[in-house]
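Written out below as structure tokens is the structure these notes cover.
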Amino acid sequence: MTVTTITKELLRRTLYTTASAAMTALSIVIAASCDKAEERFSDRPCYFMFRADYHNTHILARVLNNPGMFVNVKTQNRQGVRYLMVSAPFDIPAEDKEVALTTEIENRYSYTLGANNSLITGCSVTNEWRAYDGQCPYCLDNHSTTFFPLTWAEGSNGQAVRCNNCKRTYNLNYGASADGHRLVEYRVRFDGRVLTVSN
2 MTVTTITKEL
12 LRRTLYTTAS
22 AAMTALSIVI
32 AASCDKAEER
42 FSDRPCYFMF
52 RADYHNTHIL
62 ARVLNNPGMF
72 VNVKTQNRQG
82 VRYLMVSAPF
92 DIPAEDKEVA
102 LTTEIENRYS
112 YTLGANNSLI
122 TGCSVTNEWR
132 AYDGQCPYCL
142 DNHSTTFFPL
152 TWAEGSNGQA
162 VRCNNCKRTY
172 NLNYGASADG
182 HRLVEYRVRF
192 DGRVLTVSN
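See below:
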């Protein structure tokens with residue numbers, strides 16, 4: 002082999018090794034990013050659907066288009082009819098507090114609203130749809146019962162919730178407490194007509 006041929010071969014191997022190392026590093030970064038995104042969402046059972054196209058003036062349809070607004074959602078079956086009950090840290094019309102879901106499509110699915118039939122959903126100040134379990138994640142993980150409801154934190158303009166048991170306050174825009182405990186979060190999809198919250 003000539004010096005030129007050896008130099009070219011060494012250069013080719015160096016480039017191949019460098020490119021291979023760069024691709025491996027990139028793969029690790031991408032995998033870690035995906036893992037972090039997946040860690041954000043809970044695998045606890047959750048399924049909720051709301052037809053905004055059937056109830057387009059309802060508060061739940063409106064908060065999804067208003068950054069910084071959140072509501073608490075529960076469902077209840079009474080005499081074969083499913084009702085959607087909504088509460089908020091601000092005044093809402095009486096017709097928004099309880100809505101009968103009477104269509105065949107609305108009643109086709111089994112609804113599971115987190116650990117104890119309670120979801121907090123809305124739009125963050127960063128214009129991102131969010132849905133959280135209505136139960137305190139710290140207390141859910143550290144006690145044998147599922148009844149640790151989050152309540153609206155005073156002075157937070159409806160953008161934070163508080164656990165009366167462990168006294169933690171959670172920011173709804175970012176989904177965490179000051180000491181780093183994350184709310185149980187579910188995936189949100191909204192196409193302008195149908196809101197779906199699931200794990």
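Residues 2 to 200, numbered by this note's numbering, are exactly what the sequence shown covers, in order. Every residue gets a Cβ at the ideal spot worked out from N, C-alpha and C, and that includes glycine.
Inclusion of phenylalanine 71 and glutamine 160 in the CB contact set at 8 Å is warranted, their separation being smaller than that value.
Bridge pairing for glutamine 77: Tyr84 [DSSP].
For isoleucine 106, the secondary structure class from DSSP, reduced to helix, strand or coil, is coil.
For isoleucine 121, the number of other beta carbons within 10 angstroms of its own is at least 16, and it is reported as buried. Between alanine 101 and isoleucine 60, the beta carbon gap of about 15 Å keeps them out of contact (Cβ cut-off 8 Å). When the alpha-carbon of glutamine 77 is set against those of Pro94, Glu99, Val64, Ala179, the nearest one is in Glu99.
At a cut-off of 3 residues, the continuous stretches assigned as beta strand (DSSP E) that sit fully inside the segment 109-181 are 120-124, 130-134, 151-153, 161-164, 170-172. Rounded to the nearest angstrom, the gap between the Cα atoms of isoleucine 93 and valine 74 is 13 Å. Taking C-beta atoms as the reference points, valine 185 and aspartate 134 count as a pair closer than 8 Å.
Comparing alpha carbon positions, the residue from Pro150, Cys124, Thr170 closest to aspartate 180 is Thr170.
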